[in-house]
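Student: Here UniProt numbering is used: the first residue of the first sequence is 1, the next is one more, and so on. This is the structure, below, for whatever I ask next.
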Amino acid sequence: MAPKSEGTAKKVTNKGAWTAEEDRRLSEYIEVHGAKRWKTIAAKSGLNRCGKSCRLRWLNYLRPNIKRGNISDEEEDLILRLHKLLGNRWSLIAGRLPGRTDNEIKNYWNSHLSKKISQKEKPPNKVVPEASPETSPATPQEVVLPAEEGAVKVVGNFLDVDFDTDEFFDFTAEGSYGLEWVNEFLELDEGLSLKEKM
DNA sequence: AACGAAGTCAACCGCTAATTT
DNA sequence: GAAATTAGCGGTTGACTTCGT
Numbered sequence: 001m002a003p004k005s006e007g008t009a010k011k012v013t014n015k016g017a018w019t020a021e022e023d024r025r026l027s028e029y030i031e032v033h034g035a036k037r038w039k040t041i042a043a044k045s046g047l048n049r050c051g052k053s054c055r056l057r058w059l060n061y062l063r064p065n066i067k068r069g070n071i072s073d074e075e076e077d078l079i080l081r082l083h084k085l086l087g088n089r090w091s092l093i094a095g096r097l098p099g100r101t102d103n104e105i106k107n108y109w110n111s112h113l114s115k116k117i118s119q120k121e122k123p124p125n126k127v128v129p130e131a132s133p134e135t136s137p138a139t140p141q142e143v144v145l146p147a148e149e150g151a152v153k154v155v156g157n158f159l160d161v162d163f164d165t166d167e168f169f170d171f172t173a174e175g176s177y178g179l180e181w182v183n184e185f186l187e188l189d190e191g192l193s194l195k196e197k198m
């Protein structure tokens, strides 16, 4: 991808793929000044980029402890479970996968998992009338957990989500990606769905 | 070997939410 | 409290790669 910058008198920001030199400049600047005020970072680092672009580059590629590619079976399973639970809340899902970014999860979902699921969902010789919950965007089932500390409440569409975000994003106790949490949640979810069908 | 189709993924865009002035 | 600014999110685009014919 060649940058689409033009040599006009007007201030035109670079677009397209980042060069190694741009990456280096951005990393160096953030190392010294921190990752705040992206507009300022863009201006002061000497990068001919908009703040948004700098932020995205840092978060998705330059940030320390970023994992890239090779999504494990365990991670894939977690993504599937979390997507069932949360819908297209990529940043929340990514928040449960240390080192992974929302963009990567989103891409992985769109290119790998959505197909996998639609194949699984679609029984041979049978037309599925409507998109499955997995493939349709963000239509979480109604799930309400008992009101206790750290409980997650999900009611109807996700406008009424009440997370304990501190716990949700706490990776200090991450063993196997916190799968126990998801398992418990989905068991409850499935229990409720069964009840509804009766 | 050549070509088109399909798949992949980095980056951009538009919008909303949160924060600052 | 209002307006302006900044941060963050999810959807979409488009260049590049891989695959099938």
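Built from N, CA and C at the ideal position, the CB exists for glycine as well. What you are looking at is a predicted structure, and each value in this text was computed from that prediction instead of being measured.
How big is the Cα-Cα spacing for residue 16 and residue 49?
Tutor: Taking the straight line from one Cα to the other gives about 10 Å.
Student: Between which two residues does the alpha helix (DSSP H) holding residue 103 run?
Tutor: Taken as a continuous stretch (DSSP letters only), the alpha helix (DSSP H) holding residue 103 covers 102-108.
Student: When the Cα of residue 36 is compared with those of 58, 64, 80, 92, which residue comes out closest?
Tutor: Comparing Cα positions, the closest option is 58.
Student: What separation, rounded to the nearest whole angstrom, lies between the Cα atoms of residue 107 and residue 44?
Tutor: So the alpha carbons of these two residues sit roughly 31 Å apart.
Student: Would residue 60 and residue 103 qualify as a contact pair, given that the criterion is a beta-carbon distance under 9 Å?
Tutor: Yes, Cβ-Cβ distance for residue 60 and residue 103 is below 9 Å.
Student: Does the Cβ of residue 42 have 16 or more other Cβ atoms within 10 Å, making it buried, or fewer, making it exposed?
Tutor: Answer is buried; the Cβ neighbour count reaches 16.
Student: Put residue 95 into one of helix, strand or coil per three-state DSSP.
Tutor: In the structure shown, residue 95 sits in a helix (DSSP, three-state: H, G or I).
Student: DSSP three-state label for residue 18, please.
Tutor: Three-state DSSP puts residue 18 in coil, outside helix and strand.
Student: Is the beta carbon of residue 22 less than 9 Å from the beta carbon of residue 56?
Tutor: Contact: no.
Student: Just how far apart, CA to CA, sit residue 113 and residue 99?
Tutor: Taking the straight line joining both Cα atoms gives about 19 Å.
Student: Quick one: what does DSSP say residue 45 is sitting in, helix, strand or coil?
Tutor: Three-state result, residue 45: coil.
Student: Grab the span of the alpha helix (DSSP H) containing residue 57 for me, first residue to last.
Tutor: Run containing residue 57: 51-57, per the alpha helix (DSSP H) assignment.
Student: What does the alpha-carbon distance come out to for the pair residue 65 and residue 14?
Tutor: Residue 65 and residue 14: Cα-Cα distance of roughly 27 Å.
Student: Identify which residue in 25, 92, 72 has its Cα closest to the Cα of residue 54.
Tutor: The candidate whose alpha carbon is nearest that of residue 54 is 25.
Student: Helix, strand or coil for residue 66, going by three-state DSSP, please let me know.
Tutor: Residue state, collapsed to three classes: coil.
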